[in-house]
Amino acid sequence: NAGVTQTPKFRVLKTGQSMTLLCAQDMNHEYMYWYRQDPGMGLRLIHYSVGEGTTAKGEVPDGYNVSRLKKQNFLLGLESAAPSQTSVYFCASSYPPPTQYFGPGTRLLVL
Amino acid sequence: SQELEQSPQSLIVQEGKNLTINCTSSKTLYGLYWYKQKYGEGLIFLMMLQKGGEEKSHEKITAKLDEKKQQSSLHITASQPSHAGIYLCGADGEEQTGANNLFFGTGTRLTVIP
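Chains A and B supply the protein sequences, listed in that same order.
Here the working numbering is used: the first sequence runs in plain steps of one and ends on residue 111.
Here the working numbering is used: the second sequence runs in plain steps of one and ends on residue 225.
Okay, here's the thing in structure tokens:
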């Protein structure tokens, strides 16, 4: 039982490039979340999903898109990366709420 | 939106000392969660508090939610180097979407000196 896993662990992008972050959970959780963590800002919710095929916006959704085609996977996409998107990205899952289980994080640097 | 303020922002203690971290909300807390984050790693769930006056303990860590449900404290007794990390409090969002969208404080960085 791996819990919540994230790939990649670290990535460097140039401004304007695109990429997809993958989150996978093997706990059969219905709910999944993407957060970003920045110094002095804490964790902020980007997008979340309450089930397969559903997504919703969180606190800071601009510049990101998500998809939940399979229950166990939640993808976060950056279509045109900007330096402001340099951050550590965390995925989490829960079912039922409230306890969320977090992945190890993806460090993204946009130059 | 709900704001959570944590104090102190950082804390350095000698091994064996007790310490307290506070989390204060600008609004009523419908659910308060404490997480620990080791440097460079993900968050580990510690405890959840929902009722005013509630107190929970796990090993040497005790968390309390005040009667007014606007402040929580995390107390560590006889701290050990293994307690080092970043402690974050999170709270249920004001809008009850059913998805348990958490708002987080900025964290308290704890260093324990052997």
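Even glycine gets a Cβ: it sits at the ideal position worked out from N, Cα and C.
Checking contacts by CB at 7 Å: is A/L43 closer than that to chain E? Of the chains in the structure shown, none is chain E; the protein chains are A and B.
Which word fits A/T106, buried or exposed, when buried means at least 16 other C-beta atoms lie within 10 angstroms of its C-beta? buried
Residues in the same chain with beta-carbon distance under 8 Å from A/P61, minus the five sequence neighbours each way, listed in chain order, please. I46, H47
Can you check whether the CB of B/I197 is closer than 7 Å to the CB of B/I187? No, these two residues do not count as a Cβ contact at 7 Å.
Report yes if the C-beta distance between B/T219 and B/Q125 is below 7 Å; otherwise report no. no
Local Cβ density within 10 Å of B/Q191, reported as buried at 16 or more and exposed below that: exposed
Between B/L154 and B/S136, how many whole angstroms is the CB-CB distance? I'm expecting something under 8 Å. The pair is not a contact, with the Cβ atoms about 19 Å apart (cut-off 8 Å).
Other residues of its chain near A/S87: CB distance less than 7 Å, five sequence neighbours each side excluded: R36, Q37, D38, L108
Whole angstroms is fine: what's the gap from A/Q25's alpha carbon to A/Y31's? 10 Å
Applying the 10 Å Cβ sphere with the 16-neighbour rule, what's the burial state of A/V12? exposed
Between which two residues does the beta strand (DSSP E) holding A/V66 run? 65–67
So B/L108 packs on B/A195, CB below 8 Å; how close in whole Å? Outside the displayed span of chain B (112 to 225) sits residue 108 of chain B, for which this structure offers no information.
For the candidate residues A/R68, A/M19, A/G58, A/K9, whose alpha-carbon lies nearest to that of B/E152? A/K9
Rounded to whole angstroms, what's the CA-CA distance from A/V50 to A/A82? Just pull it up for me. Cα to Cα, A/V50 sits roughly 28 Å from A/A82.
Sorted by chain position, which residues of the same chain lie with C-beta nearer than 7 Å to B/K180's C-beta, five sequence neighbours on each side aside? T139, L140, G163
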